[in-house]
Amino acid sequence: MAGFDAVFVGSGINSLAGGALLAKEGWRVCVLERNDWLGGAIKTVDGLTAPGFTHEVFSSWHPLWVGSPAYAELKPDLDALGLEYLNTDLPTATAFPDGSSAFLSMDRAANVAELGDAWQRQFDEFMAGAEIAFGVLGTELWSGAGFSLGRKAYSHYGRRGLVEFAGHTLLSGRDWLTETFEDERVRGLLAPWVLHTGLGPDQAVSGFMTQVIACALQLGGMPVPKGGGVKLVEGLAAIIRNAGGELRTETDVERIVVSEGRATAVRLADGESIAATRAVLACVTPTQLYGRLLGEGDAPANTRDAALRFRYGRGEMQIHIAMNERPRWLGDERLARTPLLHLTPGLDGVSRAVNEADRGLLPAEATIALGQPMTVDPSRAPEGSWVIWVQLQELPPRPKGDAAGELDTGDGSWTEELREAYADRIVARIGRHIENLESATVGRVVMSPADMEEANPNWVGGDIYAGSCALDQNLLFRPTPATPGHGTPVEGLWHIGASTHPGPGLGAGSGYIVAKHLSRPPLGRRLLAKLPGVT
Ligand SMILES: Cc1cc2nc3c(=O)[nH]c(=O)nc-3n(C[C@H](O)[C@H](O)[C@H](O)COP(=O)(O)OP(=O)(O)OC[C@H]3O[C@@H](n4cnc5c(N)ncnc54)[C@H](O)[C@@H]3O)c2cc1C
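Letter by letter, the sequence shown follows residues 158 to 692 in my numbering.
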């Protein structure tokens, strides 16, 4: 039986970043991936729609990664391996149905001019506590580090201030936006961003998440790797390999072997076993971890039951379009220069579409996230042509009907016919903003929630965030209140990935937290290092 210090199940960003960090500490790392590509939600494909067009099949935008502590640590190695990030000073905008639009740039003064003084006030207010806010998203909350963060917050805010801060984080996006901004257009600029955190604008905590993203966009812009996300995957894989590690694709892990309460190996679908002498890290959902990878007796029954009750959120659709011309946007010329736009009537529009999807309906007027990667990285297609990436985050896993009363949803299956008909409706709406969309389209590929689930077992029902981010499954309680954090009842087994804190996104938060914990020197050495003269 081959052996490694750490074996990762799945090759998502949390595994690759966590594996690279451990590899740099001298660990021999093995990453096992069932698909024929490494990277999970990072998949770059040349010619997906038409020859010469490079698409990000799933995730596309890297502000969370570029702002992450994992990237800060791995950057010198990734730079040396040739990874290059490109950015823009105009990260996002919303285009409204009446042809007007609102923009957010990286220039604070320009944002105040565009969005009003309320922008400045909310930004300053957020930045005053940013260390705590980002700390919440980067710390194992149920741990000594979480306790230290709590103490830091207490000394920063005082008792009453801390209660106020905690209460503020619970605000819904609607309450935060209406309390902070009078202009409906500003609310409509920021409201769609809450969808990118797996929430809706009327859910608890969505106000806090909207504010985090709004400030992060001004600070970080919209970076993408030159050539696509595959460059980041290749860089992280090279760090692991160069340290003697191994990464295997088309390798399905079907069991974590537990011996005397400790994870000692994994067993593959073909029967091979791979020993893990120090840790197994599973980048999977709680339902897969406790319902498939662990045996029934490996974890207490209440933990297993809670994990199996883990809820999944709304489904998602991707539409990829290749155009043989640059898009001719109607309205503000800046629309053609903005990498990630939303098409929506505004806050109430997002709220309505989320509510329709939650009730099992195809939304009548979905929030369209429209990406234009070539505004940042022109290498993605031949000169004069264009790539469009569309994300629709308000879809039922099994539609019961159509809020617009137009499409027959049949028995709720995402058939090819339903998928394409729904995509036609979305493309027709985009066509009201981009006048040459139809005439210049040379290729289109659509992926329904069912296609998403097929691509990755973590996306149950097409939920690309690997589990509902409702408050009882978020922050202190992710993945579930009965199994919070990353430790498990099995010694040496760690749970990472989007289903765990700090949730979805390319920030690699869970991989980082666990890798740092595992590579921490033993307590004795840490105490010795604090003595004067001892290094
Ligand atoms: C369509 C889409 C667009 C997104 N856009 C963005 C974006 O632009 N920016 C951003 O920051 N975030 C984005 N996200 C979110 C972000 O990409 C994900 O939250 C993140 O990449 C998830 O990483 P992960 O480490 O949880 O693993 P995943 O990416 O979920 O990968 C897990 C891997 O484990 C494998 N696996 C599972 N079980 C097994 C098993 N038993 N044996 C072997 N392998 C197994 C799976 O096949 C998969 O490849 C997007 C997500 C999607 C799906």
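Built from N, CA and C at the ideal position, the CB exists for glycine as well.
In whole angstroms, what separates the C-alpha of residue i from that of residue j?
i	j	result
valine 214	leucine 527	14 angstroms
leucine 173	valine 188	8 angstroms
glycine 452	arginine 461	10 angstroms
valine 602	glycine 384	20 angstroms
leucine 575	tryptophan 546	20 angstroms
threonine 296	glycine 662	15 angstroms
alanine 361	serine 217	27 angstroms
isoleucine 431	glycine 386	29 angstroms
glycine 418	aspartate 236	41 angstroms
alanine 464	glycine 378	37 angstroms
leucine 628	proline 539	45 angstroms
valine 414	valine 437	10 angstroms
leucine 205	alanine 310	48 angstroms
leucine 519	proline 556	6 angstroms
arginine 509	alanine 290	29 angstroms
isoleucine 478	glycine 600	6 angstroms
methionine 609	glycine 503	27 angstroms
isoleucine 199	arginine 316	42 angstroms
alanine 373	isoleucine 621	22 angstroms
glutamate 341	aspartate 505	10 angstroms
phenylalanine 260	glutamate 271	7 angstroms
alanine 207	glutamate 482	14 angstroms
arginine 516	arginine 677	46 angstroms
histidine 353	serine 312	32 angstroms
glycine 562	leucine 497	29 angstroms
leucine 327	aspartate 281	19 angstroms
alanine 560	threonine 566	11 angstroms
alanine 371	leucine 334	11 angstroms
Please find out if some non-hydrogen atom of ligand 1 comes closer than 6 angstroms to the beta-carbon of residue i.
i	result
isoleucine 621	yes
serine 217	yes
alanine 198	yes
glycine 662	yes
arginine 419	no
cysteine 440	yes
isoleucine 289	no
asparagine 399	no
proline 554	no
leucine 221	yes
asparagine 192	yes
alanine 394	no
asparagine 171	yes
leucine 294	no
glycine 712	Residue coverage of the chain in this structure runs from 158 to 692, which leaves residue 712 outside it and unanswerable.
proline 614	yes
glycine 167	yes
aspartate 409	yes
glycine 654	yes
Just grab the DSSP bridge partners of residue i for me.
i	result
serine 430	Arg424
threonine 598	Met480
methionine 109	The chain is shown from 158 up to 692; residue 109 falls before or after that span and cannot be answered.
glutamate 190	Partner(s): none; glutamate 190 has no beta bridge.
tryptophan 333	DSSP output for tryptophan 333 lists no bridge partner at all.
alanine 436	Ala163
glycine 558	Leu518
tryptophan 148	An answer regarding residue 148 cannot be provided, because it is not within the stretch 158 to 692 covered by the chain.
Counting only beta-carbon separations shorter than 7 angstroms, does residue i have a partner in chain D?
i	result
glutamate 407	Looking at the structure shown, chain D is missing, and only one protein chain is on hand.
Under 6 angstroms Cβ to Cβ from residue i, same chain only, skipping five residues before and after it: list those, please.
i	result
alanine 275	Thr337, Phe338
glycine 176	Phe165, Val186, Val188, Ile397
methionine 607	The sequence as given places alanine at residue 607; methionine does not occur at that position. For alanine 607, where only same-chain residues beyond five positions count, the Cβ hits under 6 angstroms are Trp571.
histidine 658	Arg635
leucine 238	Gly392, Ala395
serine 363	Ser329, Gly330, Val351, Leu356
threonine 495	Leu247, Ala250
glycine 619	Gly472, Glu473, Pro554, Pro606, Met609, Glu610
Who are the Cβ neighbours of residue i in its own chain at under 8 angstroms, not counting the five residues just before and after it?
i	result
arginine 435	Asp162, Ala163, Trp184, Gly649, Leu675
serine 536	Thr211, Lys383, Gly384
glycine 488	Ala252, Gly256, Ser257, Ser258, His590
aspartate 234	Ala177, Lys181, Gly392, Ile396
arginine 468	Gly624, Ser625, Ala627, Gln630
proline 614	Arg191, Val441, Thr442, Gln445
Which residues in the same chain have their Cβ closer than 7 angstroms to the Cβ of residue i, if we skip the five residues on either side of it in sequence?
i	result
aspartate 203	Thr211
isoleucine 587	Leu500, Ile525, Leu527, Leu594
For the 8 angstroms Cβ check, are there 3 or more pairs between the region 548-558 and the region 467-484?
Judged by Cβ distances under 8 angstroms, the region 548-558 makes contact with the region 467-484, as three or more pairs qualify.
Could you check whether the region 429-449 touches the region 650-662, counting it as contact only if at least three pairs of C-beta atoms, one from each stretch, sit closer than 8 angstroms?
With the cut-off at 8 angstroms, the region 429-449 and the region 650-662 touch.
Spell out a yes or no on whether the region 245-252 and the region 341-349 are touching, meaning 3 or more CB-CB pairs, one atom from each, closer than 8 angstroms.
Contact between the region 245-252 and the region 341-349 is present, because at least three Cβ pairs lie under 8 angstroms.
Can you confirm whether the region 420-430 touches the region 396-410 when touching is taken to mean that 3 or more C-beta pairs between the two stretches lie within less than 8 angstroms?
Short answer: they touch.
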